[in-house]
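Counting from 1 along the sequence shown, just add 168 to a position and that's the residue number in the numbering used here.
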Amino acid sequence: MWKGLAVEGGGTKTTAVVFQGLEILGLGLSGSSNFVEVGERRAEIALRKAIQRALEMANLSLKDVERASFALAGIGDSPNFTLMGERMVRRIFSGAVIVNDGVVACKLAHLNQDGGALVAGTGNVAYIQKRGELKKLAGWGWFFGDEGSASYIGKRGIAMATRALDGLIDSQLPKEVEKFFKAPIRVVIERFTRRPNKRKIASFARVVDRLAEQGDPGAKIVMSEAIEYINSVLTRMRREVDRVAGTGGVFKSKMVRRAFPDLRVYEGYQTVIGSMVLLLENVREEDRDELLNQLETIRKRF
Numbered sequence: 169m170w171k172g173l174a175v176e177g178g179g180t181k182t183t184a185v186v187f188q189g190l191e192i193l194g195l196g197l198s199g200s201s202n203f204v205e206v207g208e209r210r211a212e213i214a215l216r217k218a219i220q221r222a223l224e225m226a227n228l229s230l231k232d233v234e235r236a237s238f239a240l241a242g243i244g245d246s247p248n249f250t251l252m253g254e255r256m257v258r259r260i261f262s263g264a265v266i267v268n269d270g271v272v273a274c275k276l277a278h279l280n281q282d283g284g285a286l287v288a289g290t291g292n293v294a295y296i297q298k299r300g301e302l303k304k305l306a307g308w309g310w311f312f313g314d315e316g317s318a319s320y321i322g323k324r325g326i327a328m329a330t331r332a333l334d335g336l337i338d339s340q341l342p343k344e345v346e347k348f349f350k351a352p353i354r355v356v357i358e359r360f361t362r363r364p365n366k367r368k369i370a371s372f373a374r375v376v377d378r379l380a381e382q383g384d385p386g387a388k389i390v391m392s393e394a395i396e397y398i399n400s401v402l403t404r405m406r407r408e409v410d411r412v413a414g415t416g417g418v419f420k421s422k423m424v425r426r427a428f429p430d431l432r433v434y435e436g437y438q439t440v441i442g443s444m445v446l447l448l449e450n451v452r453e454e455d456r457d458e459l460l461n462q463l464e465t466i467r468k469r470f
């Protein structure tokens, strides 16, 4: 039976699995492969690193792989970004299936059934799958969109810190910004104005979430905005499909989980199973759950 390669790459991490049928043979992890943010060269290095690690665990080479699927943040965001991502992937595996990472989140959650999935990680994107067709929502990038994502929460947290310094609100955010980024807040703002870094700003979201849990007024405003946006997307998807799911680091927030207690949520790295679903035929829910169990067992070795 043929051997396959499934890859999922987002703004924070890249996950690759080598598999045969419903058996995962190898797993590889690396950093961000969001070529829109880190550039084509660095993204390709991250992809190759994750793939090589998965192949080494499986005692295989890339020549042994017959089919591959790559699900990457940035694909479908614009014609230029899509061409850039496709060009990068073709250098690694010429015949690969290439989709946006939100597509495989939908495939993970619903296989080939109708449903919707919202990815709220470093950035955000959502997909509705209905009668075999996919419709994209959100995914407008962090300058104009990405509400509800970690980059949005981090960016808004820094903005709220400036409000606190101006005496408009009461918040510990100014002190926390300087502590986290190890620089005076004006230096932090200048640095990110001159050289925006989506991943670093997104990493501050954990601090904003912690402060909100502690009752900080400024942080609570930010997290409430994020939750409101997430709810609006989920509500929008439910107008077309009955089943919706979420994935990504933002759903680790206790405030977010309390806001959506009945929402099925997957870990971000688990969406690589959705990338496998693109290549496999007739995957059942019990098959999907078994693949998730295999992934968790292998991941514990890292």
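Note that beta-carbon positions come from the ideal geometry of N, C-alpha and C, so glycine has one too.
TODO: Kindly identify the DSSP beta-bridge partner or partners of Ile326.
DONE: Within the sequence shown, numbered from 1, the residue matching residue 326 stands at position 158. According to DSSP, which records beta bridges pairwise, Ile326 is partnered with nothing at all.
Open item on the list: Quick check: Tyr397 and Gly316, are their CB atoms within less than 8 Å of each other?
Closed with: Position 229 of the sequence shown, counting from 1, holds the residue named residue 397. Position 148 of the sequence shown, counting from 1, holds the residue named residue 316. Yes, the Cβ-Cβ distance between Tyr397 and Gly316 is below 8 Å.
Open item on the list: Determine whether the beta carbon atoms of Ala218 and Ser200 lie at a separation below 8 Å.
Closed with: Here residue 218 refers to the residue found at position 50 of the sequence shown. Here residue 200 refers to the residue found at position 32 of the sequence shown. Taking 8 Å as the Cβ cut-off, Ala218 and Ser200 do not qualify as a contacting pair.
Open item on the list: Classify Phe312: buried if its beta carbon has 16 or more other beta carbons within 10 angstroms, exposed otherwise.
Closed with: Residue 312 sits at position 144 when you count from the first residue of the sequence shown. That one is exposed.
TODO: Tell me, please, whether the segment 437 to 446 touches the segment 236 to 256 by the rule of three or more beta-carbon pairs shorter than 8 Å.
DONE: Between the segment 437 to 446 and the segment 236 to 256, the count of Cβ pairs shorter than 8 Å is three or higher; the stretches touch.
Task: Rounded C-alpha distance that separates Phe187 from Ile266 - done: Numbered from 1 along the sequence shown, position 19 holds the residue referred to as residue 187. Numbered from 1 along the sequence shown, position 98 holds the residue referred to as residue 266. Rounded to whole angstroms, the separation of the alpha carbons of Ile266 and Phe187 is 18 Å.
Task: Residues near Asp232 in its chain [Cβ-Cβ closer than 7 Å; skip 5 each side] - done: By 1-based counting over the sequence shown, the position of residue 232 is 64. Its chain contains Lys171 as the residues whose beta carbon lies nearer than 7 Å to that of Asp232, once the 5 sequence neighbours on both sides are disregarded; these appear in chain order.
TODO: Could you check the C-alpha separation between Ile321 and Val376 for me, to the nearest Å?
DONE: Within the sequence shown, residue 321 is the residue found at index 153, counting from 1. Within the sequence shown, residue 376 is the residue found at index 208, counting from 1. Cα-Cα distance, rounded: 7 Å.
Open item on the list: How far does the beta strand (DSSP E) with Glu449 in it extend, from its first residue to its last?
Closed with: Looking up residue 449 in the sequence shown gives position 281. Glu449 -> no beta strand (DSSP E), and no H or E assigned at all.
- [ ] Indicate whether the contact test is met: 3 or more Cβ pairs, each with one atom in the segment 242 to 259 and one in the segment 381 to 398, closer than 8 Å.
- [x] Contact between the segment 242 to 259 and the segment 381 to 398 is not established, with fewer than three Cβ pairs separated by less than 8 Å.
Open item on the list: I'd like the list of long-range same chain contacts for Ile192, defined as Cβ closer than 7 Å, with 5 residues on each side in sequence excluded.
Closed with: As a first step, residue 192 must be located in the sequence shown, where it is residue number 24. So the list reads Val185, Leu459, Gln462, Leu463 and Ile466, once near-sequence residues are dropped.
Open item on the list: Assuming Val271 is part of the alpha helix (DSSP H), what are its boundary residues?
Closed with: In the sequence shown, the residue the question calls residue 271 occupies position 103. Per DSSP, Val271 belongs to the alpha helix (DSSP H) from Asp269 to His278.
TODO: Just mark Asn450 as buried or exposed, buried being the case when its beta carbon has 16 or more other beta carbons within 10 Å.
DONE: Counting from 1 along the sequence shown, the entry for residue 450 is found at position 282. Asn450 should be labelled exposed.
Open item on the list: For the pair the segment 282 to 297 and the segment 405 to 423, tell me if three or more CB-CB distances fall below 8 Å.
Closed with: Contact holds: three or more Cβ-Cβ distances are below 8 Å.
Task: Member of Gly178, Ala318, Ser198 and Ala277 whose CA lies at the smallest distance from the CA of Val424 - done: The residue you call residue 424 lines up with position 256 of the sequence shown. Scanning Gly178, Ala318, Ser198 and Ala277 for the CA closest to the CA of Val424 turns up Ala318.
Open item on the list: What does DSSP give as the partner residue(s) for Ala236 in the beta ladder?
Closed with: As a working mapping, residue 236 is identified with position 68 in the sequence shown. Bridge partners of Ala236: Leu173.
Task: Assigned exposure category for Val345 - 16 Cβ within 10 Å defines buried - done: Counting from one through the sequence shown, the residue named residue 345 turns up at place 177. Classification of Val345: buried, given that the 10 Å Cβ count is 16 or more.
Task: Unbroken beta strand (DSSP E) run spanning Thr182, endpoints - done: The residue you call residue 182 lines up with position 14 of the sequence shown. That run of the beta strand (DSSP E) goes Thr182 to Gln188.
Task: Which listed residue (Thr330, Gly283 and Gly207) has its alpha carbon closest to that of Lys298 - done: Residue mapping note: residue 298 aligns to position 130 of the sequence shown, counting from 1. The shortest CA-to-CA distance from Lys298 to any of Thr330, Gly283 and Gly207 is the one to Gly283.
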